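In this note's numbering, the protein residues as written are 26 to 596.
For each residue, glycine too, the CB sits at the ideal point set by N, CA and C.
Here the structure is a predicted model, which is why all the values come from computation and not from measurement.
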């Protein structure tokens, strides 16, 4: 049975938003048109504006007619929307009279096109400046991470309105300056809904969701009225805190206020219920409004995935395509994560890979990295490497994914080859990289290369040598019969090695018939776990292998009894 929102979506005619229609017998054509519409609608809108602006400008020049200032301002805005700064500047220079509005528009356009120095020059040339002029420059500094410059300009503002305060608070949060943002907020003479919402969102984004709640409570006591955006941020904070009770209460409020149609609120509610393992409530929140927003669909897809509802996640992913809602990076990564967890998922993974190719997202690092992991986990290293090569801008995760995949498939030489290329591409290895390389050396039995990688890791200031690295190195040494050296590596650890690591070493002792080291390691294990049956089996087996039958039988008898405290298993 198809979900109700899918059925209603499929049955809608020309009354749906943006002309979405699904008619019997023409569904495939409709879906194709929808996809094209989604891709080109925004671009065509801008092209139309730009073409209209250019045609109007040309006809005005040809007829020696000077348009009104408001018309020229709109034309400049159209050019700037298309990042056609040269045309906008030319038209700006032709204006006989320039008011503060068009000056501010040009400054904002310069900033948007990445020309901060030009924006500053225009600011200096302005005959008259207002608060918007100052705020635009401050926001530009903040966006570029030039915090001190932004603060200096803010201090020098002749008049500060609430929008200016909001800009500097938002900028501080965006640059991770949480304490400074809160200091600015405390100094604000007047706060509006945007001020409160900015702080709630900023605290939540920086892992301070609990601190966001008192801010919301204070807002309710103020004159500011919470907006849909405010509720979205508060529900998101509840989701991060796992506060189902407050989140449910807020859900009731937004429903009464008619905000359920807001895609950001819907997304926050779905995330809340997903984090609280209430997948049925996720679906209900999704069904409250027929959403076309990809973010809402992706939130439900992610909710299914994190709650191990993998079949439902993949069904929803297919429905998105069938209904012409083009998935984004997050949609693909969630779908691929679910595919990874399902048995016999390689065909499904290939289908998603093909979909990523069709949408052009196969080159995206997030999607590409997930494809590499999927293929290599499902046993198809060749397709994993193919997905790796399709990524346009490879990041550290991309390189780690392919190195780990090669190591997982026992292709040590290939893993090292990719590592060499990774270093040449100026990517510094991290702990995951070294774990994969050491694993590859372990599987291939390459002792010398394993030693070199371990020494390189220990000399690397950027990467901490962790438990898993020691475990890999001990495994390499044990497999190659370097048992005394393996013991020294275990003793060099800053923390006590665990039983699993020592059992690996003991297993190596049995494989190489080294009783002396085996007894030392066994005593070490029994100090940690006096009743470790694995150690007993290995030690008894080793004694039997070297013909010490009496010792082997003694260990077996001891296994059947409860070990007395302080009594040695070896003697």
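Do residue 519 and residue 511 have their CB atoms nearer than 9 Å? no
In whole angstroms, give me the CA-to-CA distance for residue 275 and residue 499. 54 Å
Using a Cβ-Cβ cutoff of less than 7 Å, which residues in the same chain neighbour residue 581 once the five nearest sequence positions on both sides are dropped? 565
How should residue 229 be labelled, buried or exposed, when 16 other C-beta atoms within 10 angstroms of its C-beta is the threshold for buried? Buried.
Can you give, in chain order, each stretch of the alpha helix (DSSP H) that sits fully within the stretch 240-278 and has at least 4 residues? Runs of the alpha helix (DSSP H) inside the stretch 240-278: 253-266.
The alpha helix (DSSP H) spanning residue 471 covers which residue range? Looking at the DSSP string, residue 471 is not in any alpha helix (DSSP H), and its letter there is neither H nor E.
Residue 68, buried or exposed, once every other Cβ within 10 Å from all chains shown has been counted against 16: With a pLDDT of 42 at residue 68, under the threshold of 50, the modelled position of this residue cannot be trusted, and the question is left open.
Which whole-angstrom value is the C-beta distance of residue 440 and residue 432, which I expect to be below 8 Å? 5 Å
Residues near residue 318 by beta carbon distance below 6 Å, same chain, minus five either side: 288
When DSSP labels each residue in this structure, what does residue 457 get in the three-state scheme? helix
Roughly how many angstroms separate the alpha carbons of residue 351 and residue 345, rounded to a whole number? The alpha-carbon separation between residue 351 and residue 345 amounts to approximately 7 Å.
Go through its chain and collect everything with a Cβ distance to residue 161's Cβ below 7 Å, but skip five positions before and after it. Excluding positions up to five away in sequence, the list reads 129, 132, 133, 136.
Residue 389 to residue 429 span [Cα, whole Å]: Straight-line measurement puts the Cα of residue 429 at about 20 Å from the Cα of residue 389.
Quick one: what's got a C-beta closer than 6 Å to residue 584's C-beta in the same chain, skipping five residues either side? 561
If we count the other Cβ atoms within 10 Å of its Cβ and call it buried at 16 or more, is residue 494 buried or exposed? buried
Residue range of the alpha helix (DSSP H) that residue 288 falls in? 288-300
Neighbour-count burial assignment, residue 323, 16 or more Cβ in a 10 Å radius: buried
C-alpha gap between residue 570 and residue 470, whole angstroms: 24 Å
Can you tell which of 309, 191, 143, 109 has its C-alpha closest to the C-alpha of residue 215? 191
Give, in chain order, every unbroken run of the beta strand (DSSP E) that is at least 3 residues long and sits entirely within the stretch 123-159. none
How many angstroms separate the CA atom of residue 62 from the CA atom of residue 358? With a pLDDT of 38 at residue 62, under the threshold of 50, the modelled position of that residue is not reliable, and no figure is offered here.
State yes or no: is the C-beta of residue 292 within less than 9 Å of the C-beta of residue 259? no
Rounded to the nearest angstrom, what separates residue 179 and residue 146 at their Cα positions? 18 Å
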